[in-house]
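Asker:
In full-length UniProt numbering, the protein residues as written are 1 to 874.
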């Protein structure tokens with residue numbers, strides 16, 4: 001018997017034959033069997049439910065009727081003969097968009113409502129009353145009716161009950177639809193009536209249950225996430241069928257975003273062929289070389305490059321290009337790719353928020369006609385988002401640096417040789433599992449691969465028992481890597497470069513609205529076809545096998561699920577609750593509340609539902625708020641709030657953004673799996689921090705002047721923007737990041753400038769370390785290097801001693817060993833900081849660790865620091 005366990009984000013098989021006699025192990029195996037049977041039973045019940053619903057109902061077909069509304073008049077039609085009717089709708093009215101009139105005339109209106117008519121015994125009309133809300137629609141002017149495009153409008157009416165306490169002249173009533181127009185011409189339209197629509201309050205409850213079920217299956221990994229999405233989407237369609245709104249297959253296919261799937265498919269083929277050249281391995285070794293094998297400088301460069309690239313390319317494309325490089329780079333440096341991939345995809349979503357083409361929500365926002373006509377173009381959008389994105393990137397860097405402050409969190413728990421062997425076993429097992437037993441030859445190949453797996457498992461056991469972690473020699477490692485990973489096929493690399501230049505060039509042209517001719521999906525597909533022609537690929541099955549079909553299927557199921565939830569009323573309910581809350585606030589603080597609500601609602605909702613339908617709904621709410629003359633709200637602050645919320649909210653969960661799902665799929669194909677909870681523990685706190693920073697930026701720049709009663713909140717906001725980084729570091733004062741590198745923001749530069757002695761020092765500089773290596777350093781040359789002497793009069797046979805930042809590793813280790821034996825470990829970072837600042841050499845500089853000098857601070861500042869430290873450690 002074998003058992004699967006998760007180690008550092010990957011599945012590992014352990015042989016537990018020697019534990020079969022353990023009673024605890026037997027109890028655990030029985031519990032697992034019961035849980036498996038329970039899971040199968042629940043899923044089987046769900047299958048029976050949606051299968052029964054789909055088999056018992058027909059597809060809902062809309063019956064369109066042509067009608068004509070008289071000029072400046074009213075018309076009654078379609079009497080509805082049912083006594084139990086409580087609601088009617090939706091009405092799908094197709095009319096032309098309202099055009100802007102040069103004379104600024106008020107647009108003509110069409111009013112639609114349900115009217116209740118009472119009849120007496122003789123059949124004559126005795127009394128009429130309005131039985132529903134009045135729906136007002138702006139229509140086009142008569143002179144523009146012939147050349148404007150058609151649009152579809154939908155509304156649902158709530159029918160008021162008959163008031164039996166109010167006597168009327170008649171005892172028979174009937175419901176009619178009443179149309180009234182103010183246009184000076186006949187108004188033609190198409191009308192569709194659904195007398196049994198989905199009751200939105202019930203639909204929202206069903207939608208919430210389906211969504212919670214999806215997250216339960218994904219979070220606890222009850223089934224594969226692709227299969228979970230298929231089950232949830234099918235169940236949602238079954239619920240629509242139970243509510244007499246079963247969509248047709250044509251409608252369901254229309255719910256799938258083919259452009260996104262086409263983009264993913266084309267880029268996956270490009271990356272699959274490009275990987276055959278060995279360029280990903282070569283780039284990984286080159287990055288290892290230019291960063292001297294240092295971890296955090298490498299991660300910083302990787303994340304910054306990803307963020308910048310995501311600003312001008314679609315972030316899904318960026319992740320598809322960067323994920324293989326990142327994985328190979330981590331394998332070269334013996335790092336766990338999972339946390340580094342999380343950091344990379346988080347920065348990809350942040351960078352995508354910068355421009356209108358970086359993230360799908362921004363594309364939806366910027367492509368809206370009303371928003372673009374109100375001055376939101378590419379340049380304006382980018383300039384307004386840039387400061388906020390920079391602040392969010394800084395906050396994210398600090399938060400991720402604190403999260404992974406121990407370098408061991410980025411490394412595997414075992415030696416690189418053992419991890420490579422485990423990874424090789426996983427790859428061989430995956431190759432064997434991909435072969436079926438359909439033919440005799442395939443079965444023979446599968447058995448051969450399993451024999452290879454068993455031999456590797458035996459080698460793994462021996463290595464676990466005997467391997468000792470070797471010391472890493474940077475130069476030797478670099479030489480070995482350069483010899484092991486050269487460019488394997490330069491001719492194919494040139495062909496791939498031509499295809500990539502074509503694709504990326506068209507992607508950049510997509511940033512200019514005037515030059516948009518091809519969508520992103522078409523561009524990726526044309527680039528893939530171009531590369532297949534150039535490379536003369538004969539074995540297409542090998543290329544198609546590299547495509548992440550499970551990821552494409554997951555996206556298709558997710559698109560269907562979100563549209564079904566939208567039909568059930570979930571997205572509309574979120575939008576209506578948001579709008580009603582904003583309308584209920586006082587006028588003096590309405591803009592502030594509108595920005596906060598749109599930002600936070602879109603962010604939280606985008607973390608748990610697909611941000612594409614959510615953004616579509618929130619754009620409608622934003623426009624309606626800006627068009628409401630009673631509110632008098634400016635449009636642009638609401639647009640920036642929606643852009644920040646929809647883009648940054650995708651960092652909250654694994655399925656919150658398309659880039660997250662793509663990155664997880666590519667990583668799993670390479671043998672590195674990160675779960676929903678792993679991503680949630682990193683991404684959700686980062687998302688909350690990003691939205692907090694975005695809140696401060698939007699309110700400080702776009703909203704204030706604030707009313708006087710909110711003066712305390714204004715002071716807190718000013719303090720947050722000015723000292724957010726400082727307070728963040730002090731609040732976590734027991735963390736490693738504070739005592740060694742950032743003792744105080746006020747004394748950072750001053751405490752790192754060493755004293756200058758004439759004839760001794762030729763360099764003046766300052767910097768700070770965030771971990772083992774310096775990330776930021778400024779050096780100013782003061783004189784020729786020949787006339788200087790080593791720091792502290794130490795002897796040196798090479799030029800390294802003339803470098804102020806040089807640290808003798810042997811001397812440093814000896815000092816640390818001696819201090820750990822002779823000195824008592826300080827209880828807090830403040831004691832350690834004080835003690836290290838007092839331990840100086842005779843020439844006035846600190847010891848070889850280059851710890852900062854004791855800061856010179858005003859008494860008030862020192863008292864505040866100590867008070868904050870006591871509060872944090874209490």
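In this text, a Cβ means the ideal position worked out from N, Cα and C, and glycines have one as well.
Under the assumption that residue 287 contacts residue 347 (Cβ atoms under 8 angstroms), give the Cβ distance between them as a whole number of angstroms.
Answerer: Their Cβ separation, rounded to whole angstroms, is 16 angstroms, which puts residue 287 and residue 347 out of contact at 8 angstroms.
Asker: Based on Cα-Cα distance, which residue from 686, 569, 539 lies nearest to residue 394?
Answerer: The shortest Cα separation from residue 394 among 686, 569, 539 belongs to 686.
Asker: Measure the CB-CB distance between residue 599 and residue 554 and report whether it falls below 7 angstroms.
Answerer: The answer is no: Cβ separation not under 7 angstroms.
Asker: On the DSSP bridge list, what partners appear for residue 186?
Answerer: Paired residue(s): none; residue 186 is not in a bridge.
Asker: Counting beta carbon pairs with one atom in the segment 366-385 and one in the segment 394-408, are three or more of them shorter than 8 angstroms?
Answerer: The segment 394-408 is not in contact with the segment 366-385.
Asker: Helix, strand or coil for residue 118 per DSSP?
Answerer: DSSP places residue 118 in strand when its eight states are reduced to three.
Asker: Pull up the CB-CB distance for residue 56 and residue 116, whole angstroms please, since I reckon it's below 8 angstroms.
Answerer: That pair is no contact at about 34 angstroms.
Asker: Using DSSP with H/G/I as helix, E/B as strand and the rest coil, what is residue 134?
Answerer: Reduced to three states, the DSSP call for residue 134 is coil.
Asker: Measure the C-alpha to C-alpha separation of residue 392 and residue 642 and round it to an integer number of angstroms.
Answerer: The alpha-carbon atoms of residue 392 and residue 642 are separated by roughly 15 angstroms.
Asker: Run the proximity test for residue 684: is its beta-carbon closer than 6 angstroms to any non-hydrogen atom belonging to the ligand FAD?
Answerer: Although the ligand FAD was asked about, the structure shown includes no ligands whatsoever.
Asker: Would the segment 624-636 count as touching the segment 580-598 if we require 3 or more Cβ pairs under 8 angstroms?
Answerer: Yes, the segment 624-636 touches the segment 580-598.
Asker: Per the contact definition of three or more C-beta pairs closer than 8 angstroms, is the segment 614-621 in contact with the segment 657-677?
Answerer: Result no; under three Cβ-Cβ pairs closer than 8 angstroms.
Asker: Looking at the unbroken alpha helix (DSSP H) that takes in residue 154, where does it start and where does it end?
Answerer: First-last for residue 154: 150-158, but that is the beta strand (DSSP E), not the alpha helix (DSSP H).
Asker: With a threshold of 6 angstroms on Cβ separation, who are the neighbours of residue 658 within its own chain once the five nearest residues in sequence on each side are excluded?
Answerer: Once the five neighbours on either side are set aside, the close Cβ partners of residue 658 are 316.
Asker: Suppose the cutoff is 6 angstroms on Cβ atoms and the five residues either side in sequence are ignored; what does the same chain contact list for residue 388 look like?
Answerer: Hits under 6 angstroms: 694, 697.
Asker: Using the DSSP secondary-structure output, state which residues sit across from residue 411 in a beta bridge.
Answerer: Answer is 335, bridged to residue 411.
Asker: Please list the terminal residues of the continuous beta strand (DSSP E) segment that includes residue 945.
Answerer: Any question about residue 945 goes unanswered here, given that the chain covers just 1 to 874.
Asker: I need the straight-line Cα distance from residue 516 to residue 47, nearest angstrom please.
Answerer: When rounded, the distance between both Cα atoms is 45 angstroms.
Asker: Just confirm the distance between the C-beta atoms of residue 132 and residue 159, as a whole number of angstroms; I'd bet it's less than 8 angstroms.
Answerer: So it is a contact: roughly 6 angstroms between Cβ atoms.
Asker: Going by other Cβ atoms of all chains shown within 10 Å of its Cβ, with 16 needed for buried, is residue 328 buried or exposed?
Answerer: It counts as buried.
Asker: In or out: residue 300 buried (at least 16 other Cβ within 10 Å) or exposed?
Answerer: Its Cβ being crowded by 16 or more others within 10 Å, residue 300 is buried.
Asker: Check residue 144 in the structure and name its three-state DSSP category.
Answerer: Here residue 144 sits in helix by DSSP.
Asker: Leaving out five residues on either side along the sequence, give the residues of the same chain with a beta carbon under 6 angstroms from the beta carbon of residue 310.
Answerer: Correct list, in chain order: 318, 348, 351, 352, 358.
Asker: Which complete alpha helix (DSSP H) runs does the segment 178-248 hold, if anything under 4 residues is left out?
Answerer: Here the runs fully enclosed are 200-219, 225-242.
Asker: Provide the residue span of the alpha helix (DSSP H) that contains residue 655, from first to last.
Answerer: Careful: residue 655 lies outside any alpha helix (DSSP H) and carries neither H nor E.
Asker: When burial is assigned at 16 or more other CB atoms within 10 Å of the CB, is residue 235 buried or exposed?
Answerer: By the neighbour-count rule (16 or more Cβ atoms within 10 Å), residue 235 is buried.
Asker: Helix, strand or coil: which one does DSSP assign to residue 318?
Answerer: Note: residue 318 maps to helix in three-state DSSP.
Asker: Quick one: Cα of residue 154 to Cα of residue 54, how far?
Answerer: Approximately 25 angstroms between the Cα atoms of the pair.
Asker: Check whether chain E comes within 7 angstroms of residue 634, counting only Cβ atoms and requiring the distance to be less than that.
Answerer: Looking for chain E here will not work: only one protein chain is present.
Asker: Taking the beta strand (DSSP E) that residue 519 belongs to, which residues open and close that run?
Answerer: No beta strand (DSSP E) contains residue 519, which DSSP labels as neither H nor E.
Asker: Classify residue 883 as buried or exposed, calling it buried when 16 or more other Cβ atoms lie within 10 Å of its own Cβ.
Answerer: No answer is possible for residue 883: it lies beyond the span of the chain, which begins at 1 and ends at 874.
Asker: Three-state secondary structure (DSSP) at residue 587?
Answerer: Correct three-state label for residue 587: helix.
Asker: What's the C-alpha gap between residue 512 and residue 222?
Answerer: Using only the alpha carbons, I get a separation of about 45 angstroms.
Asker: Measure the C-alpha to C-alpha separation of residue 206 and residue 604 and round it to an integer number of angstroms.
Answerer: About 20 angstroms.
Asker: Between residue 594 and the rest of its own chain, which residues show a CB-CB distance below 7 angstroms, the 5 nearest in sequence each way excluded?
Answerer: Excluding residues within five positions, the ones whose Cβ falls inside 7 angstroms are 582, 625, 633, 638.
Asker: When you compare only the Cα positions, how much space is there between residue 381 and residue 313?
Answerer: C-alpha separation (whole angstroms): 16 angstroms.
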